[in-house]
Structures are given as C-alpha cells and as structure tokens.
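Asks:
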Amino acid sequence: MNHQTNNIRLVGLAGDSGDPRGLSRPEDRIPALSLKSPNPRPGMKPGKRVETEAMTPLPIIDNFAAYLLDERHFSTYTSRCYSADLRQFIEHIVKSGAITIDDALERRAFDMRASATPDTAETKGSITSIICEATPDTIRAFLAHLGTLQYSAATMARKIATLRSFYKWAARRSLSKINPMTAIRTPRQGKRLPKAVSIEQIEQLLATPPESEVLGMRDRAMLETLYSTGIRVSELVGLNIEDLDEAGESLRVRGKGKKERMVPVGTHAIAAVHRYIEMLLADVKFAGVFGASRTGPLFVNKHGKRLSSRSVRRKLDKYLKAAGLDTDISPHTLRHSFATHLLENGADLRSVQELLGHQSLSTTQIYTHLTAQRLKEAYDAAHPRAEAG
607 MNHQTNNIRL VGLAGDSGDP RGLSRPEDRI PALSLKSPNP RPGMKPGKRV ETEAMTPLPI
667 IDNFAAYLLD ERHFSTYTSR CYSADLRQFI EHIVKSGAIT IDDALERRAF DMRASATPDT
727 AETKGSITSI ICEATPDTIR AFLAHLGTLQ YSAATMARKI ATLRSFYKWA ARRSLSKINP
787 MTAIRTPRQG KRLPKAVSIE QIEQLLATPP ESEVLGMRDR AMLETLYSTG IRVSELVGLN
847 IEDLDEAGES LRVRGKGKKE RMVPVGTHAI AAVHRYIEML LADVKFAGVF GASRTGPLFV
907 NKHGKRLSSR SVRRKLDKYL KAAGLDTDIS PHTLRHSFAT HLLENGADLR SVQELLGHQS
967 LSTTQIYTHL TAQRLKEAYD AAHPRAEAG
C-alpha cells in the first residue's frame, strides 16, 4: 500500500513513549487523533488534555458539533467537550485494533476528502462508517478503558451522554443502522451537595483586589458581579457594556441555550462595575475600547480584548491565595454561595430558580438540601442535647 497521505501530518498517539504499536516508520503512524494521555506526565492528573500537534478535523465530528450548536443550542464549551469525547472514542477504536494501521490511514484519507455532509458515498468505508458501525461491545470496551483513567463520575456521565447524543443524531441521518447505546445503562451518580463558602469568606475575598489601578478594579468588579448575581463564569465573560440597563440595576445575561434573562445586581457590585468603567475610559492604554457607540465586551484583558473564562479562574486563584482562603473555591462556588445565602435568608425557591437561569426547579432544589444541612450543623453545635450519649 502506498502510504503517502497528501500532506496529512502524522503523529504518534498522546502518551506513547515510543512508536505507536511498535511501528518505527513515521509514515506508519496514525494521523493526529490524539486527545488524552493514558500515561500522564508526573504531576498531571489522569485524563488531562495533552497538547500535541494540531489535530486534523474529522468531518463527522464537525457536523455533529454544528448540530449541537445550531439545533440543540449547546454552548461552545459544551460542544467542544462533546467533540473531544467523540474524538477520544475514535482514537480508542483505532488503538484497540478494531481496525489496522493501514486501514486507519486509508480510511482517514477518505475522511479528509469527504464533503461537508458526512453521509455521502465518498465517506463509505471511512472512519465515519467505522464509528457508525460500532456495537454495544465496542462501547463497553471503551467505557472499560475510561474506567482505568480515573475520570470523575460527572466526566464519565458526560462521555456517555456524548455517545447517546451522537448515535441518536447518526440514526436520524441514516448513518447508523443500529443505536448501540440503547444497550448501555448510565451509572447512577451519587448526589453531591454543591460547595458554598461563608459570607465572611466572601467579604474577605472581595476586599483583596487592589482598587488603585484599572485591572485590579476590574477584578473587584468581576468578583462582586459573580457573587451579586450568581451568573455562570461563561455568562460573566459574555457580558457587553450595553448589557447594563440605563438605571444600572440589572444585567442582560445570555445563558445556556442562548436564552436571555435579566438579573438584578446589588449596589456594591454596580458601584464596582461603574468605577471600573470610569477608570478604564480614563486610562490612555484603553482609549477607544468601547468605541463611539459604547459597545463591546464589559470585562477586558490588558490588550482590551474580551476576558476568557480561564483568565477569570486564574485571577480568582490569585486572590484566594492572597486572602489565605481555600484555593479549591471556583467561580461556580460563588454561584453556589449566592443561591445558598439567598435561601438561608428567606428567598423562595422559584425566585432563586429564575435568578440562576435553571430550566427545572428540581435543579435548584439541591440548594434546599444544603441549607438543611447547615441548619443541622448549627443545631448540633449549639443545642445542649444534640449529641448522643
């Protein structure tokens, strides 16, 4: 077989110390399907993403991702996670020997030449058809492999959800004759109460960012907004300056499924946001950041570009360390704390549901268990006859 691959860059699989499957010739290596490392580097958690060379796109993954974004209205982040899960599944099929190296190379070339529609005859016999011909045993072998990588229960559940969504989509497009996921049961996850921090810890954190310079004031405004509104970090970085209402008492937030909602903002957060905007506009380094129309991202980095969710997490970690607080606190912990503190102070569950942007009240009800747990702890600590014996 001719192993020339029309400029497709070939790399080894992530985590392999030598040539994959004992092959020494570079032209025999599988194209860039690598995603996870089964043998992580020292200090790296199992399953952590390994950044290798750029991965060549697979049409079937691209089309599935487009469906998630356009029809299911998934967030970009969730769509990327599902795409990565699917790519990992394909990698497993290749590495497990379900197909040979030569088959992978030949069929991969078919995928590279395929049109944007994955169910064309041109992809017949390609990786597209291989994944669509998977059996329940193929799925079980993949799940057994994932079980060796020490993923959390939540991550495992998401990967199973990815395959369920994919095979339903493939069946509707007549790509798959059977849905192998109908024979697969999702493991039940134990309910884990969300973590919340005390009001005193919140106050300690919010007092940490320096207010004397614009980026410190930005960080104070971001943290105040996260706790004051309970919005997700993705919703925070998605805010534009025009999302502040004229009175400055509420924000327009774009949540999951591209749904918009208006959320009230506390006076401390509003004051911090307005002070940040004033300092930003007065700083020559950020001249024209909002333009003449005063539009654009509300929270920007030092280059005047929209801040990323990852950057917010890094900033939070920095201030947690500076404040001497638990560095395990995340932006989502502030969201949990927002909901918990509201319920502890008498807010009704339906209102908290609306504020959080939950579609189902059952999602919000987990916070009632958290407040009940806190009441029990307070009772045990204070009542003279709470302890047995």
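Those letters in the sequence shown? Residues 607 to 995, per our numbering, in order.
Every residue, glycine too, gets a C-beta built ideally from N, C-alpha and C.
1. Whole angstroms is fine: what's the gap from Gly861's alpha carbon to Gly963's?
2. In whole angstroms, give me the CA-to-CA distance for Ala853 and Ser957.
3. With DSSP as the reference, label Val906 as helix, strand or coil.
4. Tell me which same chain residues have a C-beta within less than 7 Å of the C-beta of His698, skipping the five on either side of it?
5. Which one of Leu948, Gln965, Met762 and Arg746 has the shortest CA to CA distance from Lys864?
6. Looking at C-beta atoms only, is the number of pairs between the region 862-881 and the region 915-927 that lie closer than 8 Å three or more?
7. Going by C-alpha to C-alpha distance, which of Leu692, Leu949, Thr734 and Leu675 sits closest to Gly836?
8. Fully enclosed by the region 915-991, which alpha helix (DSSP H) runs are 4 residues long or longer?
9. Quick test of the definition: if touching needs 3 or more C-beta pairs under 8 Å, does the region 820-830 touch the region 774-786?
10. Which of helix, strand or coil does DSSP assign to Leu850?
11. Tell whether a beta-carbon distance below 7 Å holds between Thr768 and Tyr688.
12. Considering Arg858, what are the terminal residues of the beta strand (DSSP E) in which it resides?
13. Using only alpha-carbon positions, find the residue among Ile784, Ile808, Gly844 and Ile883 that is nearest to Thr682.
14. Which term fits Ser943, buried or exposed, when burial requires 16 or more other beta carbons within 10 angstroms of its beta carbon?
15. Residue range of the beta strand (DSSP E) that Met868 falls in?
16. Just mark Ser685 as buried or exposed, buried being the case when its beta carbon has 16 or more other beta carbons within 10 Å.
17. What is the DSSP secondary structure of Arg881, reduced to helix, strand or coil?
18. My guess is that Phe772 and Phe670 are in contact by the Cβ rule of under 8 Å, so how many angstroms apart are they, rounded?
19. Where do the N-terminal and C-terminal ends of the alpha helix (DSSP H) with Asn669 fall, by residue?
20. Where does Arg900 sit, in a helix, a strand or coil, going by DSSP?
21. Consult DSSP for Arg912 and reduce its assignment to one of helix, strand or coil.
22. Could you tell me the alpha carbon to alpha carbon distance between Arg881 and Phe680, rounded to whole angstroms?
23. In this structure, how does DSSP classify Gly844 when only helix, strand and coil are distinguished?
24. Beta-carbon of Ala763 versus every beta-carbon of chain C: anything under 7 Å?
25. I'd like to know if the region 808-818 and the region 929-940 are in contact, where contact means that at least 3 CB-CB pairs between them fall below 8 Å.
26. Do you know whose CA, among Phe905, Ile808, Leu857 and Thr970, lies nearest Thr939's CA?
27. Thinking just about the alpha-carbon of each residue, which of Asn907, Gly897, Ser818 and Ser840 is nearest to the one in Ala878?
28. How many Å lie between Gln756 and Arg764 at the Cα?
29. If you draw a straight line from the C-alpha of Asp691 to the C-alpha of Leu887, how long is it?
30. Are Val820 and Glu841 close, meaning C-beta to C-beta below 7 Å?
Replies: Let me lay it out:
1. Counting from 1 along the sequence shown, the entry for residue 861 is found at position 255. Counting from 1 along the sequence shown, the entry for residue 963 is found at position 357. Going from the Cα of Gly861 to the Cα of Gly963 covers about 7 Å.
2. Position 247 of the sequence shown holds residue 853. Position 351 of the sequence shown holds residue 957. Roughly 22 Å separates the two Cα atoms.
3. As a first step, residue 906 is located in the sequence shown; it is residue number 300 there, counting from the start. Three-state result, Val906: strand.
4. Against the sequence shown, residue 698 aligns to sequence position 92. Cβ neighbours of His698 beyond the five flanking positions: Phe748 and His751.
5. Reading the sequence shown from its first residue, position 258 is the one you call residue 864. Measuring from the Cα of Lys864, the nearest candidate turns out to be Gln965.
6. no
7. Along the sequence shown, read from residue 1 onward, the residue named residue 836 stands at position 230. Comparing Cα-Cα distances from Gly836 to each of Leu692, Leu949, Thr734 and Leu675, the minimum goes to Leu949.
8. 915-929, 937-950, 955-962, 967-970 and 972-988
9. no
10. Within the sequence shown, the letter at position 244 stands for residue 850. Three-state DSSP puts Leu850 in a strand.
11. The count along the sequence shown starts at 1 and reaches residue 768 at position 162. The count along the sequence shown starts at 1 and reaches residue 688 at position 82. Closer than 7 Å, so yes.
12. Mapped onto the sequence shown, residue 858 falls at position 252. Where Arg858 is concerned, the enclosing beta strand (DSSP E) stretches over Ser856 to Arg860.
13. The sequence position of residue 682 within the sequence shown is 76, counting from 1. Of the listed residues, the one whose Cα sits closest to Thr682 is Gly844.
14. To locate residue 943, count along the sequence shown from 1; it is residue 337. When all chains shown are included, Ser943 counts as buried.
15. The residue given as residue 868 occupies position 262 in the sequence shown. First-last of the beta strand (DSSP E) with Met868: Glu866 to Pro870.
16. Here residue 685 refers to the residue found at position 79 when the sequence shown is read from its first residue. Label assigned to Ser685: buried.
17. On the sequence shown, residue 881 is found 275 positions in, with the first residue counted as 1. Here Arg881 sits in helix by DSSP.
18. Along the sequence shown, read from residue 1 onward, the residue named residue 772 stands at position 166. Along the sequence shown, read from residue 1 onward, the residue named residue 670 stands at position 64. Their Cβ separation, rounded to whole angstroms, is 6 Å, which keeps Phe772 and Phe670 in contact under 8 Å.
19. Indexing the sequence shown from 1 puts residue 669 at position 63. Segment Pro665 to Asp676, the alpha helix (DSSP H) holding Asn669.
20. Residue mapping note: residue 900 aligns to position 294 of the sequence shown, counting from 1. Coil at Arg900, not helix or strand.
21. Here residue 912 refers to the residue found at position 306 when the sequence shown is read from its first residue. The answer is strand: DSSP assigns Arg912 an E or B state.
22. For the purposes of this step, residue 881 is identified with residue 275 of the sequence shown, where counting begins at 1. For the purposes of this step, residue 680 is identified with residue 74 of the sequence shown, where counting begins at 1. Distance between the alpha carbons of Arg881 and Phe680 is about 34 Å.
23. By one-based count along the sequence shown, residue 844 stands at place 238. If DSSP states are grouped into helix, strand and coil, Gly844 belongs with coil.
24. No chain C appears in this structure, which consists of one protein chain only.
25. yes
26. Translated into the one-based positions of the sequence shown, residue 939 becomes position 333. Per the Cα distances, Ile808.
27. Position 272 of the sequence shown holds residue 878. When each option's Cα is compared against that of Ala878, the closest is Ser818.
28. In the sequence shown, the residue the question calls residue 756 occupies position 150. In the sequence shown, the residue the question calls residue 764 occupies position 158. Taking the straight line joining both Cα atoms gives about 14 Å.
29. The residue you call residue 691 lines up with position 85 of the sequence shown. The residue you call residue 887 lines up with position 281 of the sequence shown. C-alpha separation (whole angstroms): 43 Å.
30. Residue numbering aside, residue 820 sits at position 214 when the sequence shown is read from its first letter. Residue numbering aside, residue 841 sits at position 235 when the sequence shown is read from its first letter. For Val820 and Glu841, no; Cβs fall outside 7 Å.
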